[in-house]
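Report on one structure; see the data block that follows.
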Amino acid sequence: MSAVLAIDEGTTGVTSLVVGADGRLLGRGYREVTQHFPRPGEVEHDPEEIFLWQDRRTAPRCAQLVKRRKAALIRSRTGLVPDPYFSATKIEWLLEHVPGLERRVASGEAVFGTVDAWLVFRLTNGKVFATDHTNASRTMLYNIRTRAWDPDLLRLFGVHPDALPEVRTSSGAFGVSEAKHLGSEMPVAGVAGDQQAALFGQGCVEPGQAKNTYGTGAFLLLNTGRRRPESKHGLLATVACGPRGEPVYALEGSVFIAGASVQWLRDGLEVIHQAAETEALARGVPDTGGVYFVPAFVGLGAPHWQPNARGTIVGLTRGTSRAQLARAALEAMAYSTKDVLDAMTADAQLTLHALQVDGGAAANDFLMQFQADLLGVPVARPDVLETTALGAAALAGLALGVWKAPRDFLAGRRFTQFRPGPNRRAIQARQAEWHHAIATALYWATPERRRRR
23 MSAVLAIDEG
33 TTGVTSLVVG
43 ADGRLLGRGY
53 REVTQHFPRP
63 GEVEHDPEEI
73 FLWQDRRTAP
83 RCAQLVKRRK
93 AALIRSRTGL
103 VPDPYFSATK
113 IEWLLEHVPG
123 LERRVASGEA
133 VFGTVDAWLV
143 FRLTNGKVFA
153 TDHTNASRTM
163 LYNIRTRAWD
173 PDLLRLFGVH
183 PDALPEVRTS
193 SGAFGVSEAK
203 HLGSEMPVAG
213 VAGDQQAALF
223 GQGCVEPGQA
233 KNTYGTGAFL
243 LLNTGRRRPE
253 SKHGLLATVA
263 CGPRGEPVYA
273 LEGSVFIAGA
283 SVQWLRDGLE
293 VIHQAAETEA
303 LARGVPDTGG
313 VYFVPAFVGL
323 GAPHWQPNAR
333 GTIVGLTRGT
343 SRAQLARAAL
353 EAMAYSTKDV
363 LDAMTADAQL
373 TLHALQVDGG
383 AAANDFLMQF
393 QADLLGVPVA
403 RPDVLETTAL
413 GAAALAGLAL
423 GVWKAPRDFL
433 AGRRFTQFRP
443 GPNRRAIQAR
453 QAEWHHAIAT
463 ALYWATPERR
473 RRR
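Under the working numbering, the residues of the sequence shown are numbered 23 to 475, in order.
The following block contains the structure:
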């Protein structure tokens, strides 16, 4: 029986799935990845010295790019805004701060790539150094119109084109994994960025279909097909996968912190022992008691894009309970999602009729029902939440002939529907209070506040 092994290399852990030719899940594995926080705004992994998307050490450089009026150039070529979230300024920082690195790059001893390129390189024992269009589109060095590394941006950030991986189609050949890694040689046939893989894994391959992944952050993507979207509401234009894995366009809204806020309640404040406790705690109180939690630990993403914003909890009293705090953390994910979705529908000029959801936090029934009430549309959760890994499996399986079309892969899937309830009007009215809490978080980024320190 044919089967596909999928690897989802995430921020806080790695998930592996084995998917059979009938689409059934045959095996699952997970291991947490240790993160290091050497200084405020710096986030690292070890070994191999990987910088994470959450690392904010290049925020001053991004502000300088905006001041020097480079933002329009960057957006027109990449669909992105200058932000430490993307790779370009991290690569530039490494070239400037790591002794001898520039010389090693010039001699071909060192190269740069996103995590997928590193995995392909290691799995093939250095024989293939390649990425796909979706991952390349997150570097702030890739032109989404020409679908190639952009010469002007490479010059802007001092990156030599030979130091970057070859860009290939997401569903296609990426070499062969050597037997020493997985027990036997296996073709590597599908590569995609985590959110684009999740979009594909949810079957959102046609224009107008959208999903939200509730992971470490929350990431909403809307497939716009062959039409490159232009955002006036703080969203990003990016590359996604069409029905055959070919590059198409999408609108993206990125919330930097979602499920990580619950991890903070567990590991930082130690008010819960397990993330799953938050559901029962949230159901145990009628509301948050006026508490709003804005987890801007590493700044705010879409639609605000303010790297200097900081987390806030407003509305605390002596009577505030840990249950209300847990509920506020869950509600924050839903409020942030609605902010992004409002911007998305305004840009795309359409009405969304349903939202596909996935990611670890999507297992929380309270959060999913609150999200449906807040949005006023049904929320559909698949029976298998690891849709990033499933999307990678689908892309590989299509390339290898295991499936002929996405519908074949999706045939056996089941979904739980959360429909807006009778109290949705009261819940929707709370969004205005959430925006007041957001304003408090944004105040910490203002020049007036910084001058007073």
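Each residue gets a CB set at the ideal place from its N, CA and C atoms; glycine is no exception.
Beta-carbon proximity of residue i to residue j, cut-off 9 angstroms
i	j	result
C263	S159	no
G484	L432	The structure shown does not extend to residue 484, since the chain is modelled only from 23 to 475, so the question has no answer here.
V307	A459	no
D405	R436	yes
A324	G101	no
A418	A298	no
M366	L273	yes
N157	G239	no
L163	L186	yes
N234	L412	no
P329	A467	yes
G194	A219	no
Y236	G281	yes
L396	A356	yes
R344	A463	no
P62	H155	no
F315	Q391	no
L338	V26	no
Status (buried if at least 16 other CB within 10 Å, exposed otherwise) for residue i
i	result
D174	exposed
Y465	exposed
A461	exposed
Q371	exposed
D184	exposed
S109	buried
T359	buried
Q346	buried
A415	buried
D4	The structure shown does not extend to residue 4, since the chain is modelled only from 23 to 475, so the question has no answer here.
E71	Confidence in E71 is poor, its pLDDT being 36 and thus under 50, which makes the residue's placement too unreliable to answer from.
S276	buried
R447	exposed
Y52	exposed
S199	buried
S283	buried
S98	exposed
N245	buried
A201	exposed
T438	exposed
Enclosing alpha helix (DSSP H) for residue i [first to last residue]
i	result
G409	It should be pointed out that residue 409 corresponds to Thr in this sequence rather than to Gly. Residues T409 to L422.
P173	P173 to F179
N485	Since the first and last residues shown for the chain are 23 and 475, residue 485 lies out of range.
E200	It is not in any alpha helix (DSSP H) - E200 carries neither H nor E in the DSSP assignment.
T238	Run containing T238: none; DSSP gives neither H nor E here.
E114	A110 to H119
Extent of the continuous beta strand (DSSP E) to which residue i belongs
i	result
V41	G35 to G42
I29	A25 to E31
P404	V401 to P404
L186	Run containing L186: none; DSSP gives neither H nor E here.
V316	Y314 to V316
L322	No beta strand (DSSP E) holds L322; DSSP gives it neither H nor E.
Proximity test, residue i beta-carbon vs the ligand HEM heavy atom, cut-off 8 angstroms
i	result
D289	Absent from the structure shown: the ligand HEM. Ligands present: none.
Inter-residue CB distance, residue i and residue j (contact presumed, cutoff 8 angstroms)
i	j	result
E124	R83	Rounded, the Cβ-Cβ distance is 17 angstroms, inconsistent with contact.
I256	Y271	Note on residue identity: the sequence assigns Gly, not Ile, to residue 256. The Cβ separation is near 17 angstroms, so there is no contact.
R349	A304	4 angstroms
V181	F151	Wrong, their Cβ atoms sit about 15 angstroms apart, outside the cutoff.
T153	V189	6 angstroms
Practice prompt. List in chain order: all unbroken beta strand (DSSP E) runs of 3+ residues lying wholly within the stretch 242–299.
Written response: 258–263 and 269–277
- Message: What ranges does the beta strand (DSSP E) occupy inside the stretch 326–396, keeping only unbroken runs of at least 3 residues that lie completely in it?
- Response: 334–336 and 377–380
Taking the runs of the beta strand (DSSP E) that are 3 residues or longer, which of them lie wholly in the stretch 431–472?
Every beta strand (DSSP E) of 3 residues or more that sits fully in the stretch 431–472 is shown, in chain order, as 437–440.
Secondary structure, alpha helix (DSSP H): runs of 4+ residues fully inside the stretch 126–165: List check, alpha helix (DSSP H) in window: 137–145 and 155–158.
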